[in-house]
Amino acid sequence: MKAPLSTSSRRVALVTGSNRGIGETVVRELRKAGYATVSNGRSARKGPGDLHVRADVATPSGARKAVAAARKSFGRLDLLVCGVGHFFYTPVSEMDVEAWDGLLTSNLKSTWLCCREALPLLRKARGVVITVGGPVTQTVRGNPRAVGYQMAKTALTVFTKSLAQAEAPRGLRVNMVNPGFIRTYAYSRKEIAEAAARVPARRTGDPADIAAAVLWLASDAAAYVNGAVVDVGGGLWV
Numbered sequence: 000m001k002a003p004l005s006t007s008s009r010r011v012a013l014v015t016g017s018n019r020g021i022g023e024t025v026v027r028e029l030r031k032a033g034y035a036t037v038s039n040g041r042s043a044r045k046g047p048g049d050l051h052v053r054a055d056v057a058t059p060s061g062a063r064k065a066v067a068a069a070r071k072s073f074g075r076l077d078l079l080v081c082g083v084g085h086f087f088y089t090p091v092s093e094m095d096v097e098a099w100d101g102l103l104t105s106n107l108k109s110t111w112l113c114c115r116e117a118l119p120l121l122r123k124a125r126g127v128v129i130t131v132g133g134p135v136t137q138t139v140r141g142n143p144r145a146v147g148y149q150m151a152k153t154a155l156t157v158f159t160k161s162l163a164q165a166e167a168p169r170g171l172r173v174n175m176v177n178p179g180f181i182r183t184y185a186y187s188r189k190e191i192a193e194a195a196a197r198v199p200a201r202r203t204g205d206p207a208d209i210a211a212a213v214l215w216l217a218s219d220a221a222a223y224v225n226g227a228v229v230d231v232g233g234g235l236w237v
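In numbering that gives the first Met the number 0, the protein residues as written are 0 to 237.
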């Protein structure tokens, strides 16, 4: 049996959906902060972590594989960042069953599966779970073009708060970060410009803004923050 990559006291983080975009930046910033990191994605593309696990964490076997890799390689897990979640615009009348199921599975089921697998390690470490929501999860708002996504992220808020209450007696903290309009591969230049005009801060965010919120929520400075939903959107929809 191979020895762990690290047996030091370094904190270990698993970030799902981190091949690119916000997740990739979160992994890079966690590494800078001293974490041993496990990145994850479904593609064969090499991830940014100390260890990369190719797995579909929206399936039981994929979630099990990702968590097992962290345990085998590092012997512990202190932070789970649940970043998987598809997004696309489709009206209810045009959405097919596969697309609907895909939105709910990637945004909601993946988080539940990863948390379920990781809880034994996280409890032992008195660790932290951070879920990634959306810009409107704190208020019930209609969006006829993104109803599946809105529903999934709103449900994820309930999951986050429920897990926070359930695990608090064991010393585990669970919080959510809500990105607003963030400059990633998901938006064209035109869309970024249009989005910036809708934000009170008159600019879109950078993936590093989300990573900074993750780092704070994961740190001892936020030791008494549990079940919180932190909007990082420049004042969008407050």
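Think of the CB as a built atom: it goes at the ideal place given N, C-alpha and C, for glycine as much as any other residue. Keep in mind that this is a model prediction, so the values were computed, not measured.
Notebook entry, point to check: What are the complete beta strand (DSSP E) segments, minimum 3 residues, inside the segment 111-182?
Noted result: 127-131, 172-178
Next item on the list: Check the DSSP bridge columns for Asp230 and list the partner residues they point to.
Entry: Asn177
Notebook entry, point to check: Given Leu103, which residues of its chain have a CB within under 6 Å of its CB, disregarding the five upstream and five downstream residues?
Noted result: Ala151
Margin query: Please list the terminal residues of the continuous alpha helix (DSSP H) segment that includes Ser38.
Written below: Note, Ser38: premise wrong, no alpha helix (DSSP H); beta strand (DSSP E) at 35-40.
Checklist line | Beta carbon of Leu78 nearer than 8 Å to that of Val135 | finding: no
Next item on the list: Quick one: residues in its chain with C-beta nearer than 7 Å to the C-beta of Pro59, no 5 flanking neighbours on either side, listed in chain order?
Entry: Leu112
Check: Can you tell me whether Phe73 is buried or exposed, with buried defined as 16 or more other CB within 10 angstroms of its CB?
Finding: buried
Item checked: Check whether Gly48 and Ser17 have beta carbons under 8 Å apart -> yes
Margin query: Using a Cβ-Cβ cutoff of less than 7 Å, which residues in the same chain neighbour Arg19 once the five nearest sequence positions on both sides are dropped?
Written below: Tyr184
Item checked: Nearest neighbour of Phe180, chosen from Asn174, Pro119, Gln164, Ile209 [CA to CA] -> Ile209
Note to self: Quick test of your reading: Val52 and Lys64, contact by CB under 8 Å. State the CB separation rounded to the nearest angstrom.
What the structure shows: 6 Å
Item checked: Expected contact under 8 Å - CB spacing of Val176 and Ile129 to nearest Å -> 6 Å
Note to self: Rounded to whole angstroms, what is the Cα-Cα separation between Lys123 and Leu171?
What the structure shows: 9 Å
Notebook entry, point to check: Looking at C-alpha atoms only, which residue of Leu118, Thr89, Asn106, Arg41 is the closest neighbour of Val66?
Noted result: Leu118
Next item on the list: Excluding the 5 residues preceding and the 5 following Tyr186 in the sequence, name in chain order all residues of the same chain whose CB lies nearer than 6 Å to its CB.
Entry: none
Note to self: Judging by CA-CA distance, which residue of Thr110, Arg125, Ala195 is the nearest neighbour of Glu166?
What the structure shows: Arg125
Notebook entry, point to check: Thinking just about the alpha-carbon of each residue, which of Val228, Gly40, Ser161 is nearest to the one in Trp215?
Noted result: Val228
Margin query: Taking the straight line between their C-alpha atoms, what separation do you get for Leu235 and Thr110?
Written below: 25 Å
Margin query: For Lys45 and Arg182, what's the separation of their Cα atoms in angstroms?
Written below: 22 Å
Checklist line | For Cys81 and Ala68, the rounded distance between their alpha carbons | finding: 16 Å
Margin query: I need the straight-line Cα distance from Ala200 to Met94, nearest angstrom please.
Written below: 33 Å
Margin query: Distance check for Arg75 and Gly101, CA to CA, integer angstroms please.
Written below: 31 Å
Item checked: Which listed residue (Gly133, Ser218, Pro168) has its alpha carbon closest to that of Leu155 -> Gly133
Notebook entry, point to check: Do Gly232 and Val173 have their C-beta atoms within less than 8 Å of each other?
Noted result: no
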